[in-house]
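Below is one structure, written out as structure tokens; the observations come after it.
Protein chains: 4
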Amino acid sequence: MNKDRPKYRQIIEAAVEVIAENGYHASQVSKIAKKANVADGTIYLYFKNKEDILISVFKEKMGHFIDKTVKAISEKETAKEKLLTFIQMHYKQLSESPYLAIVTQLELRQSKPELRAEINKVLKSYLNVIDSIIKQGLEENDIQTDINPQLIRQMIFGTLDETVTTWVMKSQRYPLIDQAEEVHQLLTKGFFK
Amino acid sequence: MNKDRPKYRQIIEAAVEVIAENGYHASQVSKIAKKANVADGTIYLYFKNKEDILISVFKEKMGHFIDKTVKAISEKETAKEKLLTFIQMHYKQLSESPYLAIVTQLELRQSKPELRAEINKVLKSYLNVIDSIIKQGLEENDIQTDINPQLIRQMIFGTLDETVTTWVMKSQRYPLIDQAEEVHQLLTKGFFK
Amino acid sequence: MNKDRPKYRQIIEAAVEVIAENGYHASQVSKIAKKANVADGTIYLYFKNKEDILISVFKEKMGHFIDKTVKAISEKETAKEKLLTFIQMHYKQLSESPYLAIVTQLELRQSKPELRAEINKVLKSYLNVIDSIIKQGLEENDIQTDINPQLIRQMIFGTLDETVTTWVMKSQRYPLIDQAEEVHQLLTKGFFK
Amino acid sequence: MNKDRPKYRQIIEAAVEVIAENGYHASQVSKIAKKANVADGTIYLYFKNKEDILISVFKEKMGHFIDKTVKAISEKETAKEKLLTFIQMHYKQLSESPYLAIVTQLELRQSKPELRAEINKVLKSYLNVIDSIIKQGLEENDIQTDINPQLIRQMIFGTLDETVTTWVMKSQRYPLIDQAEEVHQLLTKGFFK
DNA sequence: GATGAATGAGAATTCATTCAT
DNA sequence: TATGAATGAATTCTCATTCAT
Chain A
1 MNKDRPKYRQ IIEAAVEVIA ENGYHASQVS KIAKKANVAD GTIYLYFKNK
51 EDILISVFKE KMGHFIDKTV KAISEKETAK EKLLTFIQMH YKQLSESPYL
101 AIVTQLELRQ SKPELRAEIN KVLKSYLNVI DSIIKQGLEE NDIQTDINPQ
151 LIRQMIFGTL DETVTTWVMK SQRYPLIDQA EEVHQLLTKG FFK
Chain B
1 MNKDRPKYRQ IIEAAVEVIA ENGYHASQVS KIAKKANVAD GTIYLYFKNK
51 EDILISVFKE KMGHFIDKTV KAISEKETAK EKLLTFIQMH YKQLSESPYL
101 AIVTQLELRQ SKPELRAEIN KVLKSYLNVI DSIIKQGLEE NDIQTDINPQ
151 LIRQMIFGTL DETVTTWVMK SQRYPLIDQA EEVHQLLTKG FFK
Chain C
1 MNKDRPKYRQ IIEAAVEVIA ENGYHASQVS KIAKKANVAD GTIYLYFKNK
51 EDILISVFKE KMGHFIDKTV KAISEKETAK EKLLTFIQMH YKQLSESPYL
101 AIVTQLELRQ SKPELRAEIN KVLKSYLNVI DSIIKQGLEE NDIQTDINPQ
151 LIRQMIFGTL DETVTTWVMK SQRYPLIDQA EEVHQLLTKG FFK
Chain D
1 MNKDRPKYRQ IIEAAVEVIA ENGYHASQVS KIAKKANVAD GTIYLYFKNK
51 EDILISVFKE KMGHFIDKTV KAISEKETAK EKLLTFIQMH YKQLSESPYL
101 AIVTQLELRQ SKPELRAEIN KVLKSYLNVI DSIIKQGLEE NDIQTDINPQ
151 LIRQMIFGTL DETVTTWVMK SQRYPLIDQA EEVHQLLTKG FFK
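Residue numbers (the UniProt record's numbering), protein chains in the order written: chain A, 1 to 193; chain B, 1 to 193; chain C, 1 to 193; chain D, 1 to 193.
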């Protein structure tokens, strides 16, 4: 299962598009094969089964996603700057791949246990990035210590998630990234006077 | 049809459980019928099709959910108190019906357009409750006016959603409601010093 | 199963219409019940099952049909006149009940053996009427004796049947009865010079 | 798809038999698949749906049927001879494929509109053959000009149809073809002295 | 490796019939 | 008699997966 071979990539890219357009359950393997210009059977040389396609798509895409985010953050100094960068990268990358946004926001919310387990494994490393920023903030004495850091992370991720979902649901009609600073402000300072 | 007839309720309750256990797509109509102690065909006397079951379950349950929330909030004075009550009610009610929590957190994220449209209609009235609290806060001069109220709502809902999802994913091993005040504090004041 | 009770008639009449409109297989018992203004279950007080409705409709209607034909023929003297009357009655009666025409021409051609057996039993007495005309014609020395009388009957009935079917298929757009004399001429004299 | 592939033929032949034995409505797709020695799903690689099987069977078989008839007729000179040949071919071919006879005589009288439309399209080209014979007869001054040619055609087809139906209903106990000349005589000269 | 025809398990839905009221 | 809610057997069609070429 050499992942460098062109067919593997073709299938992954085709799968993202087909799933974004039709949803996971309405995405027949034959449809993905057609869009990828390979035979149905070929899919099974690269993926164990249909579920494996979804997981692989997510791992693959989310891997790049995280890598880029980590890299961008590493260029910033303070936790505050890093958080802003994190938010910006989140919005920027999903804006650039609306297909991916649809897949992550809607299609990955499957409750099939095995599927979720795999998805969460990948998601966890993304959440770890947030955790590390919070940790640094605590060390820098910038973040309040009387709050459960897990809750902070859940607020950050939940807010990003919801804003992206809203954006996807509204057919991506406005520039997501424009919200980054306001969201950053909102998260760090709250909305009460 | 007549929503008071016992079979209707039986089917709704059975559907919630079966969907929570298996996910919507793995929930065969025959499984729901069996759990509801009715014949397969009986389901179709009360629901147009399988999708209609999901929508009806959601409308039915979310309706009660919202009603209770609205009632609880109406007994509070200030926007701040109301928000806390909102959070508490959200956690309390989902804690009491973990099946429902699973259905709402995971199964409703379907991307099938007609399905989403119906779901969003119901969800909207829940989001309206948040909006009305924010509006009151602005009138009471308690909420900062330089922030997009929609973003505030997205942060509130996103945070609640994510904290519940985390709780569901961790098999509901801790009392959700205990987080209410801390989350309220976090949302209103942010986490930065 | 008193056939004089009003519900029996209501159901028969409703059945003729529903079957003519939808075809036998698409005619749900519940549809017939609705049109007859009775409950589904009531049907089964008067008919053994759905098939029995079809057969009863046919017997009932065809019975009248034959009675009227026999009566009309009995008023004529010669075989030749009787045949013309037969043709006229056939066309006249089916013209007056287009529903019945549709049912007899299309819906009764079911090949389900038990069904056909019953239908043929009724049809036979109609064919007997033709046979008796032919017999009289032979006795009157008006009909050629070197032809198999059965074939003659098949030609007569086949021709009537086909002309009615054509008329039904063309949505009954012309007056069927106008053809009677020409068909009579054609049958008795053939079309060759 | 490719009509030369053996499975296509297998399914067509199996369908003719199964439909002849059970009637269209009682012919489950699975029964046809079994008799054709293919999997149920394979049927759907070659046919759009169950209805498509019936139409295809008819087109396929009737196509050959008509071709042979046309060929046989073209070898005859006069309209009179051609008509005799037409009758002979009709009887001969249906005698040789009693299954087909049953299907055409009984099963194709479906009133489902889309189905009939397709069937009539094919049937029409058969009726056209009769029409062309009549036309030639008129040109040769052999057929009476004061009769509606459409009626002549209806008499010819109706008579053939009815004689075949009778033969089918009587379980094909006599040689159909023996009647050809008598029927020809009957049609052209009528039965009156 | 690549193909794509073939497979067949699986699932939603319909509707004739029953039977408690 | 009459009702109509409830039943559940029956059937079409889909689509992930296999495997001979």
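Cβ atoms here follow ideal geometry from the backbone N, Cα and C, with glycine treated the same way.
Residue i vs residue j beta-carbon contact at 9 Å
i	j	result
D:Gly158	C:Leu160	yes
B:Ile152	B:Ile177	no
B:Asn49	B:Gln10	no
B:Val16	B:Val70	no
A:Lys112	B:Ala26	yes
A:Ala180	A:Ile73	no
A:Lys7	B:Asp142	no
A:Thr166	B:Gln150	yes
A:Ile32	B:Phe191	no
Length of the line joining the Cα atoms of residue i and residue j
i	j	result
D:Tyr126	D:Ile119	11 Å
C:Met89	D:Lys61	37 Å
A:Tyr44	D:Leu94	50 Å
D:Tyr99	D:Glu21	8 Å
C:Met1	C:Ile53	Its pLDDT being 49, under 50, C:Met1 is placed unreliably by the model, and nothing is read from it.
D:Ser132	D:Ser171	33 Å
A:Ile187	B:Gln185	The sequence shown places Leu at residue 187 of chain A, not Ile. Computed Cα separation, rounded: 12 Å.
B:Lys34	B:Ile19	13 Å
D:Glu81	D:Glu75	10 Å
B:Ile156	A:Met155	8 Å
C:Ala39	C:Tyr46	12 Å
D:Arg5	A:Val168	47 Å
C:Leu123	D:Gln144	33 Å
A:Leu115	A:Gly23	15 Å
B:Trp63	B:Arg109	A quick correction: the sequence has Gly, not Trp, at residue 63 of chain B. Distance between the alpha carbons of B:Gly63 and B:Arg109: 18 Å.
9 Å Cβ cutoff, residue i in contact with chain C
i	result
D:Phe157	yes
D:Met62	no
D:Asp131	no
D:Ile147	yes
D:Met1	Residue confidence for D:Met1 is low, a pLDDT of 46 falling below 50, so the modelled location carries little weight and cannot support an answer.
D:Asp142	yes
D:Leu186	yes
Cβ of residue i within 9 Å of any chain D Cβ
i	result
C:Ile32	no
C:Thr78	no
C:Thr163	yes
Where residue i falls: helix, strand or coil (DSSP)
i	result
D:Phe47	coil
B:Ile102	helix
C:Ile133	helix
D:Ile143	strand
residue 231 of chain B	Past the edges of chain B, shown from 1 to 193, lies residue 231 of chain B, and the structure says nothing about it.
C:His184	helix
B:Asn37	coil
A:Gln88	helix
residue 199 of chain A	Nothing can be reported for residue 199 of chain A: it is not among the residues displayed for chain A, which extend from 1 to 193.
A:Lys71	helix
Closest residue to residue i among the options (Cα-Cα distance)
i	options	result
C:Ile12	C:Ile55, C:Gly23, C:Ala26	C:Ile55
A:Glu51	A:Lys34, A:Ser171, A:Glu107	A:Glu107
A:Val129	A:Ile66, A:Asp40, A:Phe47	A:Ile66
C:Thr163	C:Ile102, C:Ile73, C:Thr78, C:Gly23	C:Ile102
B:Leu84	B:Ile53, B:Lys124, B:Val183	B:Val183
A:Glu96	A:Ile147, A:Asp142, A:Tyr174, A:Glu140	A:Tyr174
D:Thr78	D:Ile156, D:Ala14, D:Glu139	D:Glu139
C:Ala117	C:Gly23, C:Asp40, C:Lys59, C:Met169	C:Lys59
Any chain B beta carbon closer than 9 Å to residue i
i	result
A:Asn49	no
A:Gln172	no
A:Glu118	no
Residue-chain proximity (residue i, chain A), Cβ-Cβ < 9 Å
i	result
B:Phe86	no
B:Gly190	yes
B:Lys112	yes
B:Arg5	no
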